[in-house]
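A short worksheet on the structure shown next.
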Amino acid sequence: MHLSEDIHNLMERMLTEELTQHPPAIGSEQLADLCCLVLNKVPPRYVRHDVDNAYFTTEQEKQQLERKIRVAITESLDFLTSGDVRY
Numbered sequence: 014m015h016l017s018e019d020i021h022n023l024m025e026r027m028l029t030e031e032l033t034q035h036p037p038a039i040g041s042e043q044l045a046d047l048c049c050l051v052l053n054k055v056p057p058r059y060v061r062h063d064v065d066n067a068y069f070t071t072e073q074e075k076q077q078l079e080r081k082i083r084v085a086i087t088e089s090l091d092f093l094t095s096g097d098v099r100y
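In the working numbering, the protein residues as written are 14 to 100.
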């Protein structure tokens with residue numbers, strides 16, 4: 014068993030989908046920072062297969078997770094663009 018191949022954090026996929034649909038106007042370095050900040054703000058959701066999550070998660074729970082991702086993106090973008098970040 015290889016953990017990196019057998020399981021994944023569903024929140025990473027949800028974050029990627031949201032950023033693909035609504036890409037922020039930031040550079041690739043800031044995008045990587047944004048992803049780290051967002052993923053540290055939301056609870057991890059580890060699954061073996063995406064279908065596992067679809068089976069055990071209600072539509073209401075899925076929408077709640079999507080909202081958490083969007084809020085975390087907004088907060089993290091505000092932080093990154095506030096000028097308080099040191100590179």
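Glycine residues also receive a C-beta, built at the ideal position from the N, C-alpha and C atoms.
All of these numbers come straight from a predicted model, not from anything done at the bench.
Taken through DSSP and simplified to helix, strand or coil, V55 comes out as coil.
Within a 10 Å sphere around the beta-carbon of S95 sit fewer than 16 other beta-carbons, which makes this residue exposed.
Around the CB of V51, 16 or more other CB atoms lie within 10 Å, so the residue is classed as buried. Per DSSP, I86 is one residue of the alpha helix (DSSP H) stretching across 72 to 93. At least 8 Å separates the beta-carbon of R61 from that of D91. Between L23 and R58, the beta carbon gap of about 4 Å places them in contact (Cβ cut-off 8 Å).
Annotation: the continuous alpha helix (DSSP H) that includes R26 extends over 23 to 34.
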